[in-house]
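In terms of UniProt numbering, the sequence shown opens at residue 1 and continues consecutively.
Heads up, the beta-carbon is just placed ideally off N, CA and C, and yes, glycines get one too.
Predicted model, so just to flag it, every value in this text is computed and none were measured.
One structure is given here, and the rest of the page talks about it.
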Amino acid sequence: IACDNCRSKKCRCDRRVPSCSQCRASSFICRYQEGGRRGLPIAYINSLERRLRETESALYATLLAHNEQDIKASNFGLLKPPRELSKTERQDDWKRLPLQTPEQLATWFHEKQQQAV
């Protein structure tokens with residue numbers, strides 16, 4: 001990560017501390033931005049969200065098969081999955097429906113059954 005001066009000039013920073021070569025040569029105070037990380041790439045976040053949807057679908061199918069005691073019902077092709085939610089709706093669901101206790105899992109499963117109807 002470049003220092004503030006090198007970033008503003010768009011030049012290569014050697015990231016030396018306490019002062020990089022560019023700042024030392026220009027007699028500038030060399031400062032590095034703290035916490036300037038941009039976060040995770042959007043493609044990675046999207047793949048995690050897709051994987052989460054797949055995992056929730058697998059959990060739903062497993063609970064449905066277990067609930068009905070019917071092995072044939074566990075075939076993913078025969079199950080009607082819950083309707084797709086928007087990103088905002090999914091985030092609201094995650095806050096509203098945690099999966100940390102058996103009771104919360106049962107509530108989540110009931111909600112997904114209602115969405116599939």
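Inter-residue Cα distance where the pair is residue i and residue j
i	j	result
D93	K87	10 Å
I1	L48	26 Å
Q113	R50	20 Å
Y60	G39	31 Å
S26	R15	15 Å
A58	P102	17 Å
Secondary structure of residue i, DSSP reduced to three states
i	result
Q91	helix
residue 138	Examination of residue 138 is not possible in this model, given that the chain is present from 1 through 117 alone.
P102	helix
Y32	coil
S86	coil
L97	coil
Bounding residues of the alpha helix (DSSP H) (the contiguous stretch that carries residue i)
i	result
C23	S21 to S26
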